[in-house]
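Undergrad: My questions will all concern the structure given below.
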Amino acid sequence: MFSRLIFARGTRSSAARQANYSGQRFTSRPFSVLSSNGTGQSSTPHFAWANVFLNAPHRQFSSHDDFSPKKKHNLDGSDESAILDLIESHVKANRIMLYMKGSPAQPMCGFSATVVQILKNQGVDFASVNVLDYPEVREGVKKYAQWPTIPQLYVDGEFVGGCDIVKDLHESGELKDLLKEANGEEKQEGN
Amino acid sequence: MSSSSIADRVVDEVKKHYPNASECSIIDHSDGCGAKLELTIVSDTFEGMPILKRHREINNLMKEKGLWEELHALQICAWTEKQWEEKKKG
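Structure, rendered in structure tokens:
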């Protein structure tokens, strides 16, 4: 019991800090009397003990940033031009770049699956972004290419097309040449 | 005008834009809403024009004519006469 009291004392002050931090929600709880004095000098450590577990989020015990929740990406709030710059850097850095729904291993859309299949048939390596994970990029690529749909294939930094176009180019053999050029040869200026 | 279906209006506009089209047809793939369409157009205007540009031209036409917003999906098959002959054979 004694060690429990010590622990309660130790954590009570952080519970009080928590109360200052998210005041409204905390003080509306039944044990708010503890936090409202704010000094950590409460005479009822038992309640403080309860408080820690009822009200304080567990992350309060994490001591290092490494353990705090991480977002998958930090694009929130980025303005549009930053997104367009990001896309431009993608398509410039990767000779064959595919924006798709899902991943090459598990496409989440029939059209994306078709393009992945074609690229695999061509035996080329390509980079891809799953736009379902990045809503900003999903909207961004539509603006970047002035093209309304996903998937979008880029070769040598230039927009090639969506599923139908890639399929047509594949069937006519043009895609092969295009991808070969992407593998090193000088690409001719084309429209 | 507004009583005709989206498909009819798309065909009208495309025919007007490509008067020399030998083939201009549309297939409705939707389940009743009429907004999921496949357009086939054959015209020598497309000779030497990359497929991407053909698609863009037709997409832009749809935007200009105010049909874009009503469409859910428009699949475009835009061929030259020569390509169309080959497609029909194949």
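Chains A and B supply the protein sequences, listed in that same order. By UniProt numbering, the letter at position 185 of the first sequence is numbered 185, and the numbering carries on one by one without gaps. By UniProt numbering, the letter at position 86 of the second sequence is numbered 86, and the numbering carries on one by one without gaps. Don't be surprised by glycine CBs; every beta carbon is placed ideally from N, CA and C.
1. List, in chain order, every chain B residue whose beta-carbon is nearer than 8 Å to that of A:Val160.
2. Is there a C-beta anywhere in chain B that falls below 8 Å from the one on A:Phe26?
3. Given A:Asp125, which residues of its chain have a CB within under 8 Å of its CB, disregarding the five upstream and five downstream residues?
4. For B:Ala7, which residues in the same chain have their Cβ closer than 7 Å to its Cβ, ignoring the five residues on either side in sequence?
5. The alpha helix (DSSP H) that contains A:Val141, what's its start and end?
6. Do A:Leu153 and residue 193 of chain A come within 8 Å of each other at the CB atom, strictly closer than that value?
7. Let me see if you follow: with CB-CB separation under 8 Å, is B:Ile26 close to chain A or not?
8. With DSSP as the reference, label residue 192 of chain A as helix, strand or coil.
9. Check whether the Cβ of A:Leu98 lies closer than 8 Å to any Cβ atom in chain B.
10. List, in order along the chain, the chain A residues whose C-beta lies closer than 8 Å to that of B:Ile76?
11. Straight-line CA distance for A:Gln41 to A:Asp65?
12. Which same chain residues, not among the five before or five after B:Val14, have their C-beta less than 8 Å away from its C-beta?
13. Please classify A:Phe111 as buried or exposed, where buried requires at least 16 neighbouring CB atoms within 10 angstroms.
14. Checking contacts by CB at 8 Å: is residue 92 of chain B closer than that to chain A?
15. Of all Cβ atoms in chain B, is any one closer than 8 Å to the Cβ of A:Leu153?
16. Please list the segments of the alpha helix (DSSP H) lying wholly inside the segment 11-77 of chain B, counting only runs of 4 or more residues, in order along the chain.
TA: Reading off the structure:
1. In chain order: Leu52.
2. Low confidence applies to A:Phe26: its pLDDT is 42, below 50, so where it sits in the model is not reliable, and the reading given next is rough at best. No - not a single Cβ of chain B is within 8 Å of the one on A:Phe26.
3. Closer than 8 Å at the Cβ level, and outside the excluded window around A:Asp125, lie Ile96.
4. The residues are Ile26, Asp28, Gly34, Leu37.
5. Taken as a continuous stretch (DSSP letters only), the alpha helix (DSSP H) holding A:Val141 covers 135-145.
6. Residue numbering for chain A in the displayed model covers 1 to 191; residue 193 of chain A lies beyond these limits and cannot be assessed.
7. For B:Ile26, no CB of chain A lies under 8 Å from its own CB, so it is not counted at the interface with that chain.
8. Lying outside 1 to 191, the shown extent of chain A, residue 192 of chain A is not represented and no answer is given.
9. So no, A:Leu98 is outside the interface.
10. Neighbours of B:Ile76 on chain A, chain order: Asp164.
11. Here the model assigns A:Gln41 a pLDDT of 48, short of 50, so the residue's position is not dependable, and the following value carries that caveat. Cα atoms of A:Gln41 and A:Asp65: separation of roughly 29 Å, rounded to the nearest angstrom.
12. Cβ within range, chain order: Ala21, Cys24, Leu39, Ile41, Ile58, Leu61.
13. With 16 or more neighbouring CB atoms inside 10 Å of its own CB, A:Phe111 falls in the buried class.
14. This structure does not reach residue 92 of chain B, given that chain B is present from 1 up to 90, and the question cannot be answered.
15. Closer than 8 Å: no.
16. The qualifying runs are 51-64.
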